[in-house]
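In my numbering, the protein residues as written are 106 to 1169.
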């Protein structure tokens, strides 16, 4: 780079020169810029002088900050005075290259990691060399999208010949784990296009592209090829322009120092074809000091001036603690520094370099990123604004971390003691080895060096360990340190009496509960016993013994139990038995070894042991339909901790649902537990569990004993209501009922009771029994109910029956109703009208019929009628179809115009709406030879007198009227029964009867005032026929009963009517 090679790696933006002018008179200031290659000079016009300021304090501050030929730059662009005379004995200031103070460009970036921007992929100029260094800050976290990042640099400087442009280059991170890409060797003032590209699996993707203009660099007037000449009234500065540097303008700032006088800044455009610059300052004041500053600018980017201060001296490092070290130095009296920068990092390795910026001080505690045991290189640099001194470097090895947890471990496999200690991991501290010192009771010293046992990972602690011959019961003092690179850690010391070994598994001991106590047994195998004897001799001690201690822990007892302790040795060959412990109680069991001197083993067997729970008997006592009582009693009350134990009871039904849960405290007296609200005919199971202790006790776990399940079955009860009862009419007199058995049968259903309730309250209810079978327990039950009446409405219910009684009926809202249909005529009567022969007269006759002829099987009967039909001599009847058409029958008045009367309605009467007509109850008397009288119920039928209404001729012929019959005429009668006006059924015609021509009485009229007993005449038959009744008696008065004897027996029939009394 020619004359400018001394500035290689430096970015000298502005040169500030303190100068003295030897002049006698004041001359106006003239600034001239001359280029060496140009034949002609370009003169600039004289600027106006700026405002002059002065002050004693400012002058003092300015003078105190200067040193011979040191360059001072301030952000406010004010120029301070320099010394009056140049020290010609001092060599020209030579700026060392960047590589002289820093090992690599990567180190430059690593020093600045703490100043990384928040945004990722930021492209910034390096503050240490903004004219030739660029940094791309990558994401701190590794991305799964890209595995490598690169930066491509293309020189896009305008108005520059292609030969002057920089070549295209590509940069990557120095190591994969770095988060900065350093782009170095760029040219000042050049404009570059930076492209950040991510790569993965052979594919590239552009992430970011940005244009950056590097800071310009000022000419080096302190180099060997530069000259500075001063006379009385002018100053001439000559220097080579920086090679391959670009700038638009040179800015000249100058000021008189004493008295202080500032002049305006002047900008002069650069001519790129020229390689030299010459500055002429004229018309200056003789005998005054001037400060001249020249700065390069491009696109309004102005370089920042700097001055190199003196380097720090006597740098020292002292450990403060495991994570901090104090760095101290001294500052030369004429250093000129206003702050310091400390960089430090491992002397060997690729770890990141750390940086600290400090104010004006000479010591600092460094606490970040220090690893004990590692040799660090500490560098202190003095800074003045943006310039820095040559580095002062010192190498120092930090103390390694001391070992931890120094302990004696028993190795049962080798039957020896092992001294072991924990060593910090490789990440925490660098350690080469451990040093161990052991001092016995006799002051004998044993020194050992122990290597480090590597861990599976660098973040896991490591160990130092060694086998040593020690004797249980004796006292030892052990100390240990770690070393690294000649540095020794703090000492870890421990003084102790060696404890005997103990291990239940290694000794082959077994502890078990036996016969209400605890029993500790030695191993029975000969090989194991021989191994135990060797262990006992080497790491327990032949004079040591095994101790077993049992302490009661239950505090609720009414009496306090004493602790029990036993001793034994393997040579005893007898188990250790602790008898008479209480069931359910908690004990603390300790097993350990003790030396003859009373030193107890560090390891011991400790267990909170609760004895097994006692057993109880659960039996059922009283079982009813909805209640039961069961009894709980202890098998034995001896050695039982009643306060610690309780019984948990759960009673489940046949579906597994809990119907009772409770806890009963154990006591010496049996406990009775009642159960209420049970369901009849249900199976139940009693689950009992004895619990000793509380579940919240973590130190002594509870013990439980589950008893055998006890089952019982309640007695049968009244069943519940049936389900889904429905009814369907089959015909006018039958229905079908369907239902499901009760959900709660509460027993074995023997049968069902169907209740039939007529909605008409005048009719009585009745019941029908329906059998049940086991097949009906889960299937639909159906029943047919007969003897219903068409046209009536019924309410029906069904109740299930068990041996306990009848069940409930369904709710009123679930009741079923049915209205019976009327589909046909009434059933044809099986009997016919009977003629009472003794009542036949010339115009009337009495007929009799039974109510059994009225059948409501096909529906409710509405009315009945007596049909009279005249019979001719040849026993034929006049069937006149006119009156039979449309179900009409003639009346008495309508048949008067016929010689032979066709059938006509003599009597028509409504029938009371009853469910069933039962036969009327009459009397049938029987006389027996011994003189006894017997009464039997028989059918006493209704009677009707036909032809007794003499007013029929006076009423409408279509009206039904019981007019008189014709004398000496034959007639037949039949009964007509109606369920509806158009639905009727006739009985068969009666026997033929002929009315009398004249009324002849075979017996005189009988007038009865008072009933008198009849005279009993043997072998005599008396027939009484009367023509009228006495007015002295009311109709319906009981008649005289006539008793006649005929060979020891007679039968008398009695028939009565309102107007006629006939006795036959």
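Idealized CB from N, CA, C, for every residue including glycine.
Assignment of alpha helix (DSSP H) within the region 811 to 838, counting only whole runs of 4 or more residues, yields no such run.
In the DSSP annotation of this structure, the continuous segment of the beta strand (DSSP E) that includes residue 1091 starts and ends at 1088 to 1091. Given a length threshold of 3 residues, each whole run of the beta strand (DSSP E) inside the region 497 to 535 is given here in chain order: 497 to 502, 509 to 516 and 521 to 528. Between the region 248 to 256 and the region 269 to 279, the count of Cβ pairs shorter than 8 Å is three or higher; the stretches touch. Listed as beta-bridge partners of residue 970 by DSSP are 1013 and 1081.
Boundaries around residue 640 are those of the alpha helix (DSSP H), 631 to 640, since no beta strand (DSSP E) includes it. Assigned with DSSP and collapsed to three states, residue 797 falls in strand. A contact is defined here as three or more CB-CB pairs under 8 Å, and the region 910 to 926 meets this definition with respect to the region 826 to 833.
Within a 10 Å sphere around the beta-carbon of residue 917 sit fewer than 16 other beta-carbons, which makes this residue exposed. In this structure the region 716 to 728 does not touch the region 676 to 684; the number of beta carbon pairs closer than 8 Å is below three.
Nearest Cα to residue 434 within the set 969, 325, 469 and 784: 469.
Residue burial is scored here from C-beta neighbours: residue 472 has fewer than 16 other C-beta atoms within 10 angstroms and is therefore classed as exposed. For residue 611, the enclosing alpha helix (DSSP H) begins and ends at 609 to 612. In the DSSP assignment, residue 958 falls outside any beta strand (DSSP E), carrying neither H nor E.
By a beta-carbon distance limit of 8 Å, residue 1083 does not contact residue 965. Their separation comes to about 10 Å.
Residue range 296 to 305 is occupied by the beta strand (DSSP E) that includes residue 297. Here DSSP, grouped into helix, strand and coil, assigns residue 1066 to coil.
Listed in chain order, the non-local C-beta contacts of residue 731 below 6 Å within the same chain comprise 783, local neighbours out to five positions each way being set aside. According to DSSP, residue pairing for residue 872 in a beta bridge involves 860.
In this structure residue 266 is exposed. Its beta-carbon is surrounded by fewer than 16 other beta-carbon atoms within 10 angstroms. Setting aside the 5 residues that flank it on each side, residue 585 is surrounded in the same chain by 508, 511, 526, 539, 540, 541 and 597, each with a C-beta closer than 7 Å to its C-beta; the list follows chain order. Assignment of residue 376 by DSSP, reduced to helix, strand and coil, places it in the coil class.
Contact fails between the region 619 to 631 and the region 529 to 539, because fewer than three Cβ pairs, one in each stretch, are under 8 Å apart. The region 455 to 469 makes no contact with the region 492 to 508; the number of CB pairs closer than 8 Å stays below 3.
Ranked by how close their Cα comes to the Cα of residue 981, the residues 993, 1007, 968 and 957 have 1007 in first place. If you compare the alpha carbons of 1077, 515 and 972 with that of residue 978, the shortest gap goes to 1077. In this chain, residue 980 is not harboured by any beta strand (DSSP E), its DSSP state being neither H nor E. In this structure, DSSP gives residue 644 a helical state, which the three-state scheme calls helix. Burial state of residue 1009 is buried, judged by a 10 Å Cβ sphere holding 16 or more other Cβ atoms. The three-state secondary structure of residue 942, taken from DSSP, is helix. For residue 673 against residue 605, the beta-carbon gap comes to about 14 Å, at or over 8 Å, which does not count as contact.
Contact between residue 299 and residue 342 does not hold, since their C-beta atoms are separated by about 36 Å, which reaches or exceeds 8 Å. By alpha-carbon distance to residue 675, the top candidate from 638, 729 and 560 is 638.
Here residue 356 is buried: its Cβ has 16 or more other Cβ atoms, across all protein chains shown, within 10 Å.
Short of 7 Å from the beta carbon of residue 260, and not among the five residues preceding or following it, lie these beta carbons of its own chain, in chain order: 270, 271, 295 and 297.
Within a 10 Å sphere around the beta-carbon of residue 759 sit fewer than 16 other beta-carbons, which makes this residue exposed.
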